[in-house]
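In mature numbering (1 follows the signal peptide of the UniProt record, and there is no 0), the protein residues as written are -22 to -1, 1 to 414.
Right, dumping it as structure tokens:
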């Protein structure tokens, strides 16, 4: 009996000792699957292997909208993760979630991990900072739309693949030739609202919404039905009617059509690069997003899409220390340069961009530098800093419905965008009233 008692006491001592030195767990909820999910998992593995005090555990919670909703529901239930991935259109929602978040600048200051807010790319950082320049969430995967060109499709239609496609006027002429040359899918797009209204507005330096696109106050209203936006949607509606623009869906469904070689031109996120490079069996290249010559102040600068990492409130100091170390790790030049080069997402720090250039990546992969150039070529204006609108995920759904009516020939561009403004403004007023 004495031996058993001693063994039991010894085992209890070992258990207590092990628990005393157990690593603190950090939960990260995200929206990535496929190749991006694999690369994210590698980042987690590398951080966990680099130290023994903390263990980051990643959990996929669905697409961007589903992940945001899961995080909100978890906070209400007192079961929130430490880090929540939120797409850029959820920024205003997170800012308004009083008591649900712990600003990144506070987390980093208290945690003591290396953090230089001035080291982040200005056009990216500005989206997630207060008017005083304090960073609320950490930029993680930031992209901007570009034009992908299937050079083989141009050659098959008897066209010069090096033709100037910098303006929509030139693209329109190319679509005519591609269609005449037997191309069944001259143009396809992903994320139609983000590319063809949100970024199109910033690229031409015209407002998408009042109050600096929502940055200057909740009492904002949509201005997406102005002359420049209407003219662009009208042109695309005519291309859809003529079979020159093929609509495939609201998200990135068009990517499969382009990567298979079916389509000649594709407006999509710079982050589509990884998939196109991996799957395309044809000669492709990346060009700048076209602009309408003579409209607005084009080209100004495009704006970002993607997500940032929000730190949720309600955890203890030791856990936040681990969060600060992990966010510092994610921002390091080596991690960011590798992420940028593997995915097509922008490098969120200037140092990572400089490292990528020094390593010769841009020379070996022409076109991959275009996204960064579009973002940083000019200082952002009130119209091109980004969007900070409440209920914007739902507003995007309204915009999608109205654009689909144009592509189907059921509405003209002005009527559809007027309707999108009226319906979207109603949601903005509700958001304003709920968050005064």
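Backbone N, C-alpha and C fix where the C-beta goes; we use that ideal spot for every residue, glycine too.
Here the structure is a predicted model, which is why all the values come from computation and not from measurement.
CA-CA distance, residue 279 to residue 76, rounds to 32 Å. Within the segment 305 to 369, the complete alpha helix (DSSP H) segments of 4 residues or longer fall at 311 to 321, 328 to 336, 339 to 342, 348 to 354, listed in chain order. Under the three-pair Cβ rule at 8 Å, the segment 218 to 235 does not count as touching the segment 309 to 323. DSSP places residue 290 within a strand segment (E or B) once states are collapsed to three. Distance from the CA atom of residue 171 to the CA atom of residue 371, rounded to whole angstroms, is 11 Å.
Taking C-beta separations shorter than 8 Å and ignoring five residues to either side along the sequence, the partners of residue 413 in its chain run 74, 196, 368, following chain order. A residue is called buried when at least 16 other Cβ atoms come within 10 angstroms of its Cβ; residue 294 does not meet this threshold and is exposed. In the three-state reduction of the DSSP assignment, residue 210 falls in the helix class, which pools H, G and I. At a Cβ-Cβ threshold of 8 Å, residue 384 and residue 85 do not count as neighbours. Here DSSP, grouped into helix, strand and coil, assigns residue 25 to helix. Contact annotation, residue 256 with residue 183: C-beta distance approximately 35 Å; criterion of less than 8 Å not satisfied.
Cβ contact annotation for residue 241 (same chain, cutoff 6 Å, sequence separation greater than five): 163, 166, 235, in chain order.
Remark: C-beta atoms of residue 125 and residue 143 approach each other more closely than 8 Å. Residue 309 counts as buried, since no fewer than 16 other beta carbons sit within 10 angstroms of its beta carbon.
Between the alpha carbons of residue 37 and residue 117 lies a gap of roughly 19 Å. For residue 208, the closest alpha carbon among the candidates 239, 339, 226, 185 is that of 185. Put simply, the segment 58 to 70 does not touch the segment 121 to 137. Fewer than three CB pairs are less than 8 Å apart. If only complete runs of 3 or more residues are kept, the segment 219 to 286 shows the beta strand (DSSP E) at 241 to 247, 262 to 265, in order along the chain.
The distance from the Cβ of residue 247 to that of residue 93 is about 27 Å, inconsistent with a contact at the 8 Å cut-off.
In this structure, DSSP gives residue 193 a state outside helix and strand, which the three-state scheme calls coil.
Membership of residue 3 in any alpha helix (DSSP H) is not indicated; the residue belongs instead to the beta strand (DSSP E) covering 2 to 8. According to the DSSP assignment, residue 32 belongs to no alpha helix (DSSP H) but to the beta strand (DSSP E) extending over 32 to 38.
Between residue 160 and residue 180 a beta carbon distance of about 35 Å is seen, past the 8 Å cut, so the two are scored as non-contacting. Short of 7 Å from the beta carbon of residue 291, and not among the five residues preceding or following it, lie these beta carbons of its own chain, in chain order: 77, 78, 79, 80.
With respect to the 8 Å criterion, residue 198 and residue 213 are not classified as neighbours on the basis of their beta carbons. For residue 121, the secondary structure class from DSSP, reduced to helix, strand or coil, is strand.
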